[in-house]
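Peer 1:
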Amino acid sequence: MEGEQAVSREEVIVLIMHQLSAYGYSGLSQEIATHTKIPVTVEGSSRLEELVALGLRSEEPAGGVASDTDIQSASESGGIDLSREHHHILAQAPQYTVWYKTKHKGAATAAEFSRDGRYIATGSTDASLKLIDVDKVRSPAAGSARREDKPVIRTLYHHDAEITGLAFHPNGLVLASCSADHTIKLFDLSVAYGKHSFQSFRDNYAYRSIAFHPSGDYLVAGGDACEVRLYNVRTGRAYLLGAGDRPDLARHSDAVTRVCYSANGSLIGSASRDGTIKIWYGVSGKCVRTIDGAHGAKAVTGVVFSRSSKYILSTGLDSCVRLWEASSGNLVRTYEGAALDLAGAQAVFSYDEALVMVPDCKANEVVSWDTMTGTLVARGADHKQRITWIAASPTTPALMTCSVDECVRFWCSETM
Numbered sequence: 002m003e004g005e006q007a008v009s010r011e012e013v014i015v016l017i018m019h020q021l022s023a024y025g026y027s028g029l030s031q032e033i034a035t036h037t038k039i040p041v042t043v044e045g046s047s048r049l050e051e052l053v054a055l056g057l058r059s060e061e062p063a064g065g066v067a068s069d070t071d072i073q074s075a076s077e078s079g080g081i082d083l084s085r086e087h088h089h090i091l092a093q094a095p096q097y098t099v100w101y102k103t104k105h106k107g108a109a110t111a112a113e114f115s116r117d118g119r120y121i122a123t124g125s126t127d128a129s130l131k132l133i134d135v136d137k138v139r140s141p142a143a144g145s146a147r148r149e150d151k152p153v154i155r156t157l158y159h160h161d162a163e164i165t166g167l168a169f170h171p172n173g174l175v176l177a178s179c180s181a182d183h184t185i186k187l188f189d190l191s192v193a194y195g196k197h198s199f200q201s202f203r204d205n206y207a208y209r210s211i212a213f214h215p216s217g218d219y220l221v222a223g224g225d226a227c228e229v230r231l232y233n234v235r236t237g238r239a240y241l242l243g244a245g246d247r248p249d250l251a252r253h254s255d256a257v258t259r260v261c262y263s264a265n266g267s268l269i270g271s272a273s274r275d276g277t278i279k280i281w282y283g284v285s286g287k288c289v290r291t292i293d294g295a296h297g298a299k300a301v302t303g304v305v306f307s308r309s310s311k312y313i314l315s316t317g318l319d320s321c322v323r324l325w326e327a328s329s330g331n332l333v334r335t336y337e338g339a340a341l342d343l344a345g346a347q348a349v350f351s352y353d354e355a356l357v358m359v360p361d362c363k364a365n366e367v368v369s370w371d372t373m374t375g376t377l378v379a380r381g382a383d384h385k386q387r388i389t390w391i392a393a394s395p396t397t398p399a400l401m402t403c404s405v406d407e408c409v410r411f412w413c414s415e416t417m
């Protein structure tokens, strides 16, 4: 981040030694440790390589708003590509069935899969968090699990109000949660039986959304304030995105409803009740694109990058889900047919990005569209009461839904 003090000599040397060990030069790494008297404290890692790659991808020209080419260069290959639509075969939505259900003591409000799809975290208005081991979720045909094999492996407490957002650290060992109690809390999942956080951040406003940088070193947050905040997880320092930018670029004009990182961490997306979507550089924190009136005069309640970072998917209170080209800000697809009147409504991609899915706030079911064509292909995962949240597994055709009936449900394809 610009404005942050340079890292110390020792920190740089440690990164170098770890990288050398990861490349197979453990002897050389040990010689450096002996010569500098700086111990190698952990196994070799490629964190230095990752940081260099992220820095190179995130370099930008001097000056103001980035060009389309600048943002395009921050994207990766692969994932959905609407230029191939004429070769497209319509996606088929899985037939989802409930494999597992557990209950909070208040309305379920948030859910998140870990990046490897092995764990799910859920949150509630009762201020509690549950951690679910997906490997212990059994097919309905498999019968009841033994007590020691129950999927809920941890219940966490440390908030004083509703859980509004969740994010797993890329290493899978830390869970971050944000709340209407004005705090973000980090929980160490490697500590047996631990129920309380080991680190927290506080603001004067309620938080609504959080996301980790792919390196795990930074956490971006949005909430009832107009600014997007960025926290250095290691030092605890906080930054405002857009600091130093023109006033019209530096912040939203209303509360921030959702934040997200692109897959490589080079871009940050934010959505707001002011009806705009903003795209920011992940390193400098400068706003490089604003999409005004993304959903007419209505609030934008959700935003997420495609895996390639070429596209950004938004959800709005105009009951539309829209797909935008990140490099140009042009609208490329609109998905219609679901009622979206919930302040936290968020559409998601399926694990293979073949489908766009969102909970219908009135029909209490999940609506699925073919991503490429915008064709509505399925309605399913019916609930008796309103669905408040949907999370898609990053690895399999599975979903987690939250509802005002206090339950969280794990849905999976019958053929999985």
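The numbering of the sequence shown is our numbering, which starts it at 2 and goes up by one.
Here a beta-carbon is modelled for each residue, glycine too, at the ideal position from N, C-alpha and C.
Is residue 347 helix, strand or coil when you go by DSSP?
Peer 2: In this structure, residue 347 counts as coil in the three-state DSSP scheme.
Peer 1: Where do the N-terminal and C-terminal ends of the beta strand (DSSP E) with residue 338 fall, by residue?
Peer 2: That residue, residue 338, is in no beta strand (DSSP E); it is neither H nor E in DSSP.
Peer 1: Going straight from the alpha carbon of residue 344 to that of residue 317, what length do you get?
Peer 2: C-alpha separation (whole angstroms): 9 Å.
Peer 1: Drop a sphere of 10 angstroms on the beta-carbon of residue 365, count the other beta-carbons inside from all chains shown, and report buried for 16 or more, exposed for fewer.
Peer 2: So residue 365 counts as buried.
Peer 1: Helix, strand or coil: which one does DSSP assign to residue 193?
Peer 2: It is coil, neither helix nor strand.
Peer 1: Considering only the beta carbon of each residue, do residue 110 and residue 389 sit closer than 9 Å?
Peer 2: Closer than 9 Å, so yes.
Peer 1: List the residues that DSSP assigns as beta-bridge partners of residue 187.
Peer 2: DSSP, once it has assigned bridges, lists 177, 200 as partnering residue 187.
Peer 1: Please go through the same chain and pick out, in chain order, the residues whose beta-carbon is closer than 6 Å to the beta-carbon of residue 263, but skip the five residues on each side of it.
Peer 2: Result list for residue 263: 306, 310, in chain order.
Peer 1: Can you say whether residue 276 is buried or exposed, counting buried as having 16 or more other CB atoms within 10 angstroms of its CB?
Peer 2: It counts as buried.
Peer 1: Measuring alpha carbon to alpha carbon, tell me which residue in 157, 125, 200, 269 is nearest residue 238.
Peer 2: The option with the nearest alpha carbon to residue 238 is 200.
Peer 1: Starting from residue 360, trace the beta strand (DSSP E) both ways and give me its first and last residue.
Peer 2: Element bounds for residue 360: 356-361.
Peer 1: Mapping the DSSP letters down to three states, classify residue 292 as helix, strand or coil.
Peer 2: Strand.
Peer 1: Using the three-state DSSP reduction, which class does residue 393 fall into: helix, strand or coil?
Peer 2: Note: residue 393 maps to strand in three-state DSSP.
Peer 1: Taking three-plus beta-carbon pairs below 8 Å as touching, is the segment 209-222 in contact with the segment 151-158?
Peer 2: The segment 209-222, when compared against the segment 151-158, does not touch it at the 8 Å Cβ threshold.
Peer 1: If you drop the 5 nearest sequence neighbours on each side, which residues of the same chain put their C-beta closer than 6 Å to that of residue 279?
Peer 2: Around residue 279: 271, 288, 291.
Peer 1: Taking residue 173 as the reference, which of 411, 342, 194, 117 has the closest Cα?
Peer 2: The shortest C-alpha separation from residue 173 is found at 117.
Peer 1: Please say whether residue 132 and residue 220 have beta carbons closer to each other than 9 Å?
Peer 2: Going by C-beta atoms, residue 220 is not nearer than 9 Å to residue 132.
Peer 1: Using a Cβ-Cβ cut-off of 7 Å (strictly less than) and excluding sequence neighbours within five positions of residue 387, which residues of its own chain qualify?
Peer 2: Result list for residue 387: 362, 365, 404, 405, in chain order.
Peer 1: Roughly how many angstroms lie between the CA atoms of residue 137 and residue 150, to the nearest whole one?
Peer 2: So the alpha carbons of these two residues sit roughly 6 Å apart.
Peer 1: Roughly how many whole angstroms lie between the Cα atoms of residue 112 and residue 245?
Peer 2: Answer to the nearest angstrom: the Cα atoms are 35 Å apart.
Peer 1: What whole-angstrom Cβ distance do residue 226 and residue 206 have, given they're in contact under 8 Å?
Peer 2: Between residue 206 and residue 226 the Cβ distance is about 4 Å, and since that is below 8 Å, they are a contact.
Peer 1: Pick from 284, 274, 19: whose alpha carbon is nearest that of residue 301?
Peer 2: Of the listed residues, the one whose Cα sits closest to residue 301 is 274.
Peer 1: If we call anything under 9 Å between Cβ atoms a contact, is residue 400 one with residue 408?
Peer 2: No, these two residues do not count as a Cβ contact at 9 Å.
Peer 1: Can you list, in chain order, the residues of its chain with a C-beta nearer than 6 Å to that of residue 89? Leave out the 5 residues immediately preceding and following it.
Peer 2: Taken in chain order, the residues that qualify are 373.
Peer 1: Compute the Euclidean distance between the alpha carbons of residue 392 and residue 402, then round it to the nearest angstrom.
Peer 2: Taking the straight line joining both Cα atoms gives about 7 Å.
Peer 1: Considering Cα atoms alone, identify which of 30, 80, 196 is closest to residue 313.
Peer 2: Ranking the options by Cα distance to residue 313, first place goes to 80.
Peer 1: Tell me whether residue 293 is buried or exposed, calling it buried when 16 or more other Cβ atoms sit within 10 Å of its Cβ.
Peer 2: The residue is exposed, with fewer than 16 neighbouring Cβ atoms inside 10 Å.
Peer 1: Could you give the DSSP three-state label for residue 29: helix, strand or coil?
Peer 2: Helix.
Peer 1: May I ask whether a heavy atom of the ligand COA can be found less than 8 Å away from the beta carbon of residue 33?
Peer 2: In the structure shown, the ligand COA is absent, as is every other ligand, since no ligand is present at all.
Peer 1: Just how far apart, CA to CA, sit residue 255 and residue 228?
Peer 2: Looking at the two C-alpha atoms, the distance is approximately 9 Å.
Peer 1: Could you tell me which residues DSSP puts in a beta bridge with residue 322?
Peer 2: According to DSSP, which records beta bridges pairwise, residue 322 is partnered with 316, 336.
Peer 1: Could you name the residues that DSSP lists as bridge partners for residue 133?
Peer 2: Beta-bridge pairing links residue 133 to 121, 153.
Peer 1: Spell out the partners DSSP gives residue 233 in its beta bridges.
Peer 2: Looking at the DSSP assignment, residue 233 forms a beta bridge with 219.
Peer 1: Could you pull out every residue in the same chain whose Cβ sits closer than 6 Å to the Cβ of residue 360, ignoring the five residues on either side in sequence?
Peer 2: Here the set comprises 367, 388, 391.
Peer 1: If you reduce the DSSP assignment to three classes, tell me which class residue 138 lands in.
Peer 2: Residue 138 falls in the coil class under three-state DSSP.
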